[in-house]
Amino acid sequence: NAGVTQTPKFQVLKTGQSMTLQCAQDMNHNSMYWYRQDPGMGLRLIYYSASEGTTDKGEVPNGYNVSRLNKREFSLRLESAAPSQTSVYFCASGRGRGDSNQPQHFGDGTRLSIL
Amino acid sequence: EDQVTQSPEALRLQEGESSSLNCSYTVSGLRGLFWYRQDPGKGPEFLFTLYSAGEEKEKERLKATLTKKESFLHITAPKPEDSATYLCAPGGGYNKLIFGAGTRLAVHP
Chain P
18 NAGVTQTPKF
28 QVLKTGQSMT
38 LQCAQDMNHN
48 SMYWYRQDPG
58 MGLRLIYYSA
68 SEGTTDKGEV
78 PNGYNVSRLN
88 KREFSLRLES
98 AAPSQTSVYF
108 CASGRGRGDS
118 NQPQHFGDGT
128 RLSIL
Chain V
29 EDQVTQSPEA
39 LRLQEGESSS
49 LNCSYTVSGL
59 RGLFWYRQDP
69 GKGPEFLFTL
79 YSAGEEKEKE
89 RLKATLTKKE
99 SFLHITAPKP
109 EDSATYLCAP
119 GGGYNKLIFG
129 AGTRLAVHP
């Protein structure tokens, strides 16, 4: 009963390097989300996908791109990493197609440090 | 502007000492308010959804309540295993969950 699986769990990058964070869910959910969590702040939405084939910007999209590969998988890409992108990244999925009356279910995060 | 404030930032309780966590929100067109528990190094774990003022939900030692401006998470006779960060997230509009910074709860034996 995996739920939402994120890989990798930890990563250290140098400024300017690129990488892709992977997320997969096995709950047959329609919507998927990427958040970042920084100390003393609430989770902030980076991008979301209300359904397979659609993606939209959230609150803090600059410096990121996403791909909804299929219904199960939603990846987040950092093209040229910056120290300000050091954070913990969470992927979530939800049953609805974007209406905010359904809970989201989270993975255990990717801890990313950029030197 | 939509806003969420959780208080206190941190709370230390003795085992068995009941208390309440507060979530104050300003969100237009509230669609649902969600409570999560987050353990260190883990993702948020869903606890409750509340949809309308006056609604209450219970799970073991936790009870969540909702008014038009606030939600409370009441913890009755807490145990050390209730230690975690509790997050509140009102949902207002399309794909718009607004997360508070959380309350860090420590329950000591």
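Here the protein sequences come in this chain order: P and V. In our numbering, each number is its position in the first sequence, counted from 1, plus 17. In our numbering, each number is its position in the second sequence, counted from 1, plus 28. No residue lacks a Cβ here, since even glycine has one placed at the ideal position from N, Cα and C. All values derive from a computational prediction rather than experimental measurement.
From V:87, V:85, V:93 and V:67, residue whose alpha carbon lies closest to that of residue 131 of chain V: V:67
Check whether residue 48 of chain V and residue 100 of chain V have beta carbons under 8 Å apart: yes
Does any residue of chain P have a CB that is nearer than 8 Å to the CB of residue 68 of chain V? no
Tell me where the beta strand (DSSP E) around residue 118 of chain V begins and ends. 112-120
Where residue 102 of chain P meets chain V, residues with beta-carbon distance less than 7 Å: Per Cβ cutoff of 7 Å: no residues; residue 102 of chain P is ~19 Å from chain V at best.
Answer with buried or exposed for residue 44 of chain P, where buried requires no fewer than 16 other C-beta atoms within 10 angstroms of its C-beta. exposed
Per DSSP, residue 104 of chain V is paired with what? Partner(s): none; residue 104 of chain V has no beta bridge.
Cβ atoms of residue 78 of chain V and residue 121 of chain P: under 8 Å apart, would you say? no
Establish whether the CB of residue 100 of chain V and some CB of chain P are separated by less than 8 Å. no
If we require 3 or more residues per run, which beta strand (DSSP E) segments fall completely within the stretch 19-74 of chain P? 21-24, 27-30, 36-42, 48-54 and 61-66
First and last residue of the beta strand (DSSP E) that includes residue 109 of chain P? 104-111
Simplified DSSP state of residue 101 of chain P, which is helix, strand or coil: helix
Does residue 77 of chain V come within less than 8 Å of chain B when only Cβ atoms are used? Absence of chain B from the displayed structure is noted, the protein chains being P and V.
Taking the Cβ atom as the reference point for each residue, do residue 99 of chain P and residue 32 of chain P lie within a distance shorter than 8 Å? yes
Please state if the CB of residue 43 of chain V and the CB of residue 136 of chain V are separated by a distance shorter than 8 Å. yes
Quick one: list the residues of chain V neighbouring residue 42 of chain P, beta-carbon separation under 9 Å, in chain order. In chain order: nothing, as chain V lies at least about 12 Å away.
What would DSSP say about residue 76 of chain P, mapped onto helix, strand or coil? coil
Write down the C-beta distance between residue 32 of chain V and residue 53 of chain V rounded to the nearest angstrom, noting that I regard them as a contact closer than 8 Å. 5 Å
Nearest to residue 29 of chain V by alpha carbon, out of V:93, V:114, V:113 and V:120? V:120
Leaving out five residues on either side along the sequence, give the residues of the same chain with a beta carbon under 6 Å from the beta carbon of residue 95 of chain V. 81
Strictly by DSSP, which residues pair up with residue 60 of chain V? V:119
Note the first and the last residue of the continuous beta strand (DSSP E) segment covering residue 76 of chain V. 73-78
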